[in-house]
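Residues 363 to 641 (the numbering used here) make up the sequence shown, in order.
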Amino acid sequence: MIKVNKLTKRYSDKTIALKNVSFKLDKKITSVIGRNGAGKTTLIKILSTQLAPTSGSAFVNGIDVVENPNQVRKIAVSIPQEAKPIDYITPFDAVRLYLSARGVWLHESKKAAEDALKKVGLWDARNKLAYELSGGMKRKVFVAMAIAADAEVVFLDEPTTGLDPFSRVEVWAAIKAIKGQVILTTHYMEEAQALSDDVLMIESGKIIAQGNVKQLLKPFSGLVRIESQKKRHKSYKVGNTWISYVKKAEANSFVGKEDIIKPVTLDDLFIRRGVNLES
Ligand SMILES: Nc1ncnc2c1ncn2[C@@H]1O[C@H](COP(=O)(O)OP(=O)(O)OP(=O)(O)O)[C@@H](O)[C@H]1O
Ligand SMILES: [Mg+2]
Numbered sequence: 363m364i365k366v367n368k369l370t371k372r373y374s375d376k377t378i379a380l381k382n383v384s385f386k387l388d389k390k391i392t393s394v395i396g397r398n399g400a401g402k403t404t405l406i407k408i409l410s411t412q413l414a415p416t417s418g419s420a421f422v423n424g425i426d427v428v429e430n431p432n433q434v435r436k437i438a439v440s441i442p443q444e445a446k447p448i449d450y451i452t453p454f455d456a457v458r459l460y461l462s463a464r465g466v467w468l469h470e471s472k473k474a475a476e477d478a479l480k481k482v483g484l485w486d487a488r489n490k491l492a493y494e495l496s497g498g499m500k501r502k503v504f505v506a507m508a509i510a511a512d513a514e515v516v517f518l519d520e521p522t523t524g525l526d527p528f529s530r531v532e533v534w535a536a537i538k539a540i541k542g543q544v545i546l547t548t549h550y551m552e553e554a555q556a557l558s559d560d561v562l563m564i565e566s567g568k569i570i571a572q573g574n575v576k577q578l579l580k581p582f583s584g585l586v587r588i589e590s591q592k593k594r595h596k597s598y599k600v601g602n603t604w605i606s607y608v609k610k611a612e613a614n615s616f617v618g619k620e621d622i623i624k625p626v627t628l629d630d631l632f633i634r635r636g637v638n639l640e641s
């Protein structure tokens, strides 16, 4: 369980990335979602003891991340957003080395590394050097490390960015099989929907919503999304598309030939909050 109380992060250039946020994460898998620069990585770094907050407190399974970071590190693992394995190491060795740094005996790490690499679909590539792996495969090495560590709490900052759709589904299954609590960030709303028991929405350093997908989509219940090439009454402009929401039963009479009807997703929470409402 994660408990965060009035947490603020101000970077040295005075950017305030988190603004006095308080929340609790007690579900099995939480997705943290929000636009670029919202504060997701800052939050993950603080919770995983890579960054000190400016003020406020945070606890991971009851341990204070500022007071006792070493204790947090024993029970939690974290994959950074930009992590890349060093060039001259194989996936198998990378996972085993990581486990050994966490205090696992080398002979015990063999099985754990094998299981994790199989789960993420990297077993066949286990003996390649990292520079011979594709970008997505490199990413999976880190997911395998996090899975193999068998930690109480696992932080994954954009675990599936750069993965093809097949690999992504493979990694989802691996994430679901993690025994501990998982907190992940993602820009893929279908990923948040597929994985999360709880979703935390951040915007400009503030929590704007928290709940399961069903709760968050409640304001849209009975509605579908219409994507048009032309402006409509109460529509939102996203790129070159105008998006509006209408009752399911009325959708067919509402749409034009070129329009597309889609079910609502977490994307719609962002669309409806923001950009260019034109009526
Ligand atoms: N080291 C730093 N120094 C100054 N500002 C920073 C630093 N790291 C992040 N920021 C700023 O803090 C804000 C939040 O950044 P953060 O990386 O937490 O966002 P994010 O939600 O993870 O975004 P993305 O989805 O692009 O990864 C941004 O305005 C960013 O420019
Ligand atoms: Mg980030």
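Even glycine gets a Cβ: it sits at the ideal position worked out from N, Cα and C.
It should be emphasised that the depicted structure is a prediction, and the values quoted were computed from it without experimental measurement.
| request: Could you pull out every residue in the same chain whose Cβ sits closer than 6 Å to the Cβ of I622, ignoring the five residues on either side in sequence? | output: The beta carbon of I622 sits closer than 6 Å to the beta carbons of E589 from its chain, once the five residues preceding and following it are set aside; these are given in chain order.
| query | Can you list, in chain order, the residues of its chain whose CB lies under 6 Å from that of V439, leaving out five sequence neighbours each side? | reply | If we look at V439 and ignore the five residues flanking it on each side, its Cβ neighbours are A508, A511, A513 and V516.
| Would a C-beta distance cut-off of 8 Å place A506 and V457 closer than the cut-off? | Yes. Within cutoff.
| query | Is it the case that the Cβ atoms of K500 and A492 are separated by a distance below 8 Å? | reply | For K500 and A492, yes; Cβs fall inside 8 Å.
| said: Given a cut-off of 8 Å on the beta-carbon distance, is the pair Q433 and I425 in contact? | reply: A contact, by the Cβ cut-off of 8 Å.
| message | If you reduce the DSSP assignment to three classes, tell me which class S583 lands in. | response | DSSP places S583 in coil when its eight states are reduced to three.
| task | Reducing DSSP to helix, strand and coil, say where Y373 ends up. | result | In the structure shown, Y373 adopts coil according to DSSP, grouped into three states.
| message | Using the three-state DSSP reduction, which class does D621 fall into: helix, strand or coil? | response | In this structure, D621 counts as coil in the three-state DSSP scheme.
| task | Could you name the residues that DSSP lists as bridge partners for Q543? | result | Per DSSP, V515.
| request: Identify the continuous beta strand (DSSP E) that holds Y598 and give its terminal residues. | output: For Y598, the enclosing beta strand (DSSP E) stretches over residues S597 to V600.
| message | Which residue marks the beginning of the beta strand (DSSP E) containing M563, and which one marks its end? | response | According to the DSSP assignment, M563 belongs to the beta strand (DSSP E) that extends over D560 to E565.
| said: The alpha helix (DSSP H) that contains T404, what's its start and end? | reply: Its alpha helix (DSSP H) spans residues K402 to L409.
| task | Could you tell me whether any non-hydrogen atom of ligand 2 is closer than 7 Å to the CB of Q443? | result | True, at least one ligand heavy atom lies under 7 Å from that Cβ.
| Between which two residues does the beta strand (DSSP E) harbouring K381 extend? | Unbroken beta strand (DSSP E) run through K381: I378 to L387.
| field | Enclosing alpha helix (DSSP H) for K592 [first to last residue] | value | Note, K592: premise wrong, no alpha helix (DSSP H); not H, not E.
| Beta carbon shell of ligand 1 at less than 6 Å from a heavy atom | Qualifying residues, in the order they occur: Y373, D375, T377, A379, G396, N398, G399, A400, G401, K402, T403, T404 and Q443.
| message | What would DSSP say about Q412, mapped onto helix, strand or coil? | response | The DSSP-derived three-state label of Q412 is coil.
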